[in-house]
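Which chain is which? The protein sequence lines are A and B, in order. Note that the numbering used here gives residue 132 to position 114 of the first sequence, counting from 1, and the numbers run on in steps of one. Note that the numbering used here gives residue 525 to position 102 of the second sequence, counting from 1, and the numbers run on in steps of one. Using N, Cα and C, we set each Cβ at its ideal position, and we do this for glycine too.
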Amino acid sequence: MNPQFLMDGLIAGAIIGLGAIGVTLTYSILRFSNFAHGEFLTWGAYLALCISSALGVLGAGFTTPLGPFSFGWSLPIAAVLAIALTGLLALAVDALLFSSFRRRGSAIIIMVMASFGASLALRSLLEFLFTSKPAYFSQALQIAMKLGGGLRATPDQLAMLVVALVSVIAVHLIMTRTDIGRAMRAVSENPGLAGIAGIDVRGVIRTVWFLGAALACIAGMMSGLIIQIRPYLGHDLLLPLFAAAILGGIGSVPGAMIAGLVIGLCEAFTVQIIGAEWRSAVSFAILIAVLVVRPRGLFGKAS
Amino acid sequence: MMLDLLAYSAFFLTMALTYAVISLGLNVQWGMTGLFNVGIAAFVAVGAYTSAILTTPETADRFGGFDMPIAVGWLGAAIVSAALSWGVGALTIRLRADYLAIATFGVAVTVQLCMLNLQPLTGGAFGIGFIPRPFADLQADALLFSLANCGLMVVVVLALYLGLQHLSRSPWGRVLRAIREDETAAQALGKQSVRFRLEAFTVGGAIMGLAGAAQAHFIGFIAPDNYMPVLTFQVWAMLIVGGSGNNRGAIAGAVLVWGLWAVTAAAVSAFVPPEDQARAAALQIVAIGVGLCLMLLLRPRGLFGEVSPLARLRTRSPASAKE
Chain A
19 MNPQFLMDGL
29 IAGAIIGLGA
39 IGVTLTYSIL
49 RFSNFAHGEF
59 LTWGAYLALC
69 ISSALGVLGA
79 GFTTPLGPFS
89 FGWSLPIAAV
99 LAIALTGLLA
109 LAVDALLFSS
119 FRRRGSAIII
129 MVMASFGASL
139 ALRSLLEFLF
149 TSKPAYFSQA
159 LQIAMKLGGG
169 LRATPDQLAM
179 LVVALVSVIA
189 VHLIMTRTDI
199 GRAMRAVSEN
209 PGLAGIAGID
219 VRGVIRTVWF
229 LGAALACIAG
239 MMSGLIIQIR
249 PYLGHDLLLP
259 LFAAAILGGI
269 GSVPGAMIAG
279 LVIGLCEAFT
289 VQIIGAEWRS
299 AVSFAILIAV
309 LVVRPRGLFG
319 KAS
Chain B
424 MMLDLLAYSA
434 FFLTMALTYA
444 VISLGLNVQW
454 GMTGLFNVGI
464 AAFVAVGAYT
474 SAILTTPETA
484 DRFGGFDMPI
494 AVGWLGAAIV
504 SAALSWGVGA
514 LTIRLRADYL
524 AIATFGVAVT
534 VQLCMLNLQP
544 LTGGAFGIGF
554 IPRPFADLQA
564 DALLFSLANC
574 GLMVVVVLAL
584 YLGLQHLSRS
594 PWGRVLRAIR
604 EDETAAQALG
614 KQSVRFRLEA
624 FTVGGAIMGL
634 AGAAQAHFIG
644 FIAPDNYMPV
654 LTFQVWAMLI
664 VGGSGNNRGA
674 IAGAVLVWGL
684 WAVTAAAVSA
694 FVPPEDQARA
704 AALQIVAIGV
714 GLCLMLLLRP
724 RGLFGEVSPL
734 ARLRTRSPAS
744 AKE
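Structure, rendered in structure tokens:
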């Protein structure tokens, strides 16, 4: 068997893992599964595309490829701005929609349904603005490098793996070593008690939205750079994201990343053994297996 | 002209009523029990394909084609969809509420995949054609044919409506509402909430499968494209607009939302140049999404929301005091 599927699975898994961290954080702190999270990936990718194209129009220097990569300075600059904008988008959705349900103390399932409506609106809005034609950050073709052991990867793919690793370590450090991270864990344990202890629960909620959306934006840009950008990019990743969040255990950041990699590798393995047309069924099979065998996931706490 | 209009109205009403059946099924799951199903399209599709496989004439390169009567197809559709719902429900209903939502979302993705890839069973992307239509011998007279089909759907919806009304007033329906409002209290009274929820989810799934079969036989042709996530969204919009928990609301919402959808679709194809029609259709979906959120924010009870038993007591008590 060709070992190349390991590399493909690792990259797909990194994208799923980054997205799943956002799902797991919103789930553990806001206590509902956000069906609109996939749309943050798509919006992140399109925002980065718009900014990077705008920079390309301003000056040709921005788009000259950097070293071995397919993109110029325009993409890293666009990435920083897009991350901020996606975070603001998440805050705006929360302010317009979810905060009023929280204030009213609505049932959790009403929030799930609202997120479902929001995802529909956000996705079709992108389809309206950009049509369903796929878009690309750059048209440059890349030659894959030999890494030894029969593995090949393009420089872009390796760069994205490094970005994913750095992001996960950063989030893990934020969650375990900083005040806001401790506050987030406290709110996820018991929001009422955390509020009484003087923790700014609203601030924590804003941080969670921003952090989750920022990671979603990175994942969306990775997917856009390595594959392509389409309005259904995030929607098609939503099931793997949920499966990874549940397999990793709700609330666990390292769990979500590891589960994401597991799902990515399983998908790549399935493509190799059974065929690419059944790829999307892998996450469903894993999801059902986890719900039957161990509903709290690998690293989750028993409810 | 007049007759054309009448035939079109009958056609429109028949389509709207098939949606009303799905909406009634969702009302059993969501309105009566509070179970969130994001995979409606999958349960409808399973019903449609089951009935199509049972009733179509034999085909060379496809399994099935048993050429059975339409009634057998409809019954089979309801049974297979019920079995699928039971399976999904048995796995997830005892877990957190969102897990059922996530699992049904997964079912929708997987059923879509099966429709596309299990070619020997489903005909792949091209779907199944030549599904026998009810009253096929009347087909020569378009008006009579549409009216007969419309009449059949009216009977189906009416029968379901009466049956579900009876069910929701029965002890079983009261237990469901009790579990939805306060699960701990219901359990304290010795009601096994997981069992009742699973039953409601299965009944709802069976109704959705029946609706899928009715739709498939009315149109005569099915393909995976008919069962995209947008179908799920439309049915949710119908139930939320009509008012969840109320069977009359479910039917009225279906006719209203389908009417709006049909009118805007007609307007799009009449006034928008062909190259922009895909974008206009996307905008139509944005409107459904925003509408769903606004309805949840501004009028969560819908047009004919369920009147809570407590409110009913409150309005009744002054009258009884007077007596």
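Any C-beta of chain A under 9 Å from that of residue i
i      : result
D521/B : yes
V598/B : no
W659/B : yes
G714/B : yes
I525/B : yes
I708/B : yes
T515/B : yes
Collapsed DSSP secondary structure at residue i in the structure displayed
i      : result
I198/A : helix
M424/B : coil
M661/B : helix
G166/A : strand
A294/A : helix
I245/A : coil
I516/B : coil
I217/A : coil
I551/B : strand
I602/B : helix
I268/A : coil
A646/B : coil
A158/A : coil
A171/A : strand
A744/B : In this prediction, A744/B scores a pLDDT of 42, lower than 50, which makes its location untrustworthy; the coordinate-derived value is nonetheless stated afterwards. Here A744/B sits in helix by DSSP.
A703/B : helix
Burial state of residue i (16 or more Cβ within 10 Å)
i      : result
S88/A  : buried
M425/B : exposed
V41/A  : buried
L159/A : exposed
Q175/A : buried
D648/B : exposed
T441/B : buried
R620/B : buried
G85/A  : exposed
H253/A : buried
F644/B : exposed
H589/B : exposed
Option in the options with minimal Cα separation from residue i
i      : options                           : result
P652/B : R485/B, T456/B, Y522/B and V530/B : V530/B
I33/A  : G85/A, L179/A and S71/A           : L179/A
G574/B : D427/B, P723/B and M438/B         : M438/B
S432/B : L567/B, D699/B and A601/B         : L567/B
V98/A  : E57/A, Y45/A, C68/A and I217/A    : C68/A
V181/A : W227/A, A232/A and G168/A         : A232/A
G315/A : A30/A, I292/A, F228/A and F260/A  : F260/A
Y584/B : L518/B, I711/B and I630/B         : I630/B
V579/B : A634/B, G672/B and T625/B         : A634/B
V271/A : H190/A, H55/A and A125/A          : H190/A
N20/A  : A286/A, M275/A and S301/A         : A286/A
A688/B : I502/B, A704/B and R485/B         : A704/B
A277/A : L28/A, V308/A, I217/A and L265/A  : L265/A
G135/A : V222/A, A237/A and N52/A          : N52/A
V451/B : A685/B, S474/B, A609/B and R592/B : R592/B
M275/A : A188/A, A38/A and M25/A           : A38/A
F434/B : G682/B, P723/B and G672/B         : G682/B
Below-9 Å beta-carbon distance, residue i vs any chain B residue
i      : result
M131/A : yes
I126/A : yes
H253/A : yes
I271/A : Here residue 271/A turns out to be Val, not Ile, going by the sequence shown. No, V271/A does not count as interfacial toward chain B.
T149/A : yes
L115/A : yes
E285/A : no
S241/A : no
Any chain D beta carbon closer than 9 Å to residue i
i      : result
R702/B : Checking the listed chains, one finds no chain D in this structure; the protein chains it contains are A and B.
request  = Report the residues of the region 45-66 of chain A with a CB closer than 8 Å to any CB of chain B, ordered along the chain.
outcome  = Those would be Y45, F50, S51 and F53, in chain order.
query = If you measure beta-carbon to beta-carbon, which residues of the region 534-560 of chain B are closer than 9 Å to chain A?
reply = For the region 534-560 of chain B, residues whose beta-carbon sits nearer than 9 Å to a beta-carbon of chain A comprise Q535, L536, C537, L539 and N540.
key: Near-chain A residues of the region 438-451 of chain B (beta-carbon distance less than 9 Å), N- to C-terminal order   = Residues: none.
request  = Return the residues of the region 198-232 of chain A that lie within a Cβ-Cβ distance of less than 9 Å from chain B, sorted by chain order.
outcome  = Cβ proximity to chain B below 9 Å picks out nothing from the region 198-232 of chain A.
ask   = For the region 302-321 of chain A, which residues have a beta carbon sitting closer than 8 Å to at least one beta carbon of chain B?
value = Those would be F302, L305, I306, L309, V310, P313 and S321, in chain order.
key: the region 132-143 of chain A: positions lying closer than 7 Å to chain B by Cβ   = Of all residues in the region 132-143 of chain A, only A132, F134, G135, A136, L138, A139, S142 and L143 come within less than 7 Å of chain B when Cβ atoms are compared, listed by chain position.
message = Taking beta-carbon pairs under 8 Å, can you tell me which members of the region 287-302 of chain A lie near chain B?
response = Considering only beta carbons, the part of the region 287-302 of chain A lying closer than 8 Å to chain B consists of E295, W296, S298, A299, S301 and F302, in chain order.
message = Which residues of the region 72-85 of chain A have a Cβ closer than 7 Å to any Cβ of chain B? Give them in chain order.
response = From the region 72-85 of chain A, no residue has a Cβ closer than 7 Å to chain B.
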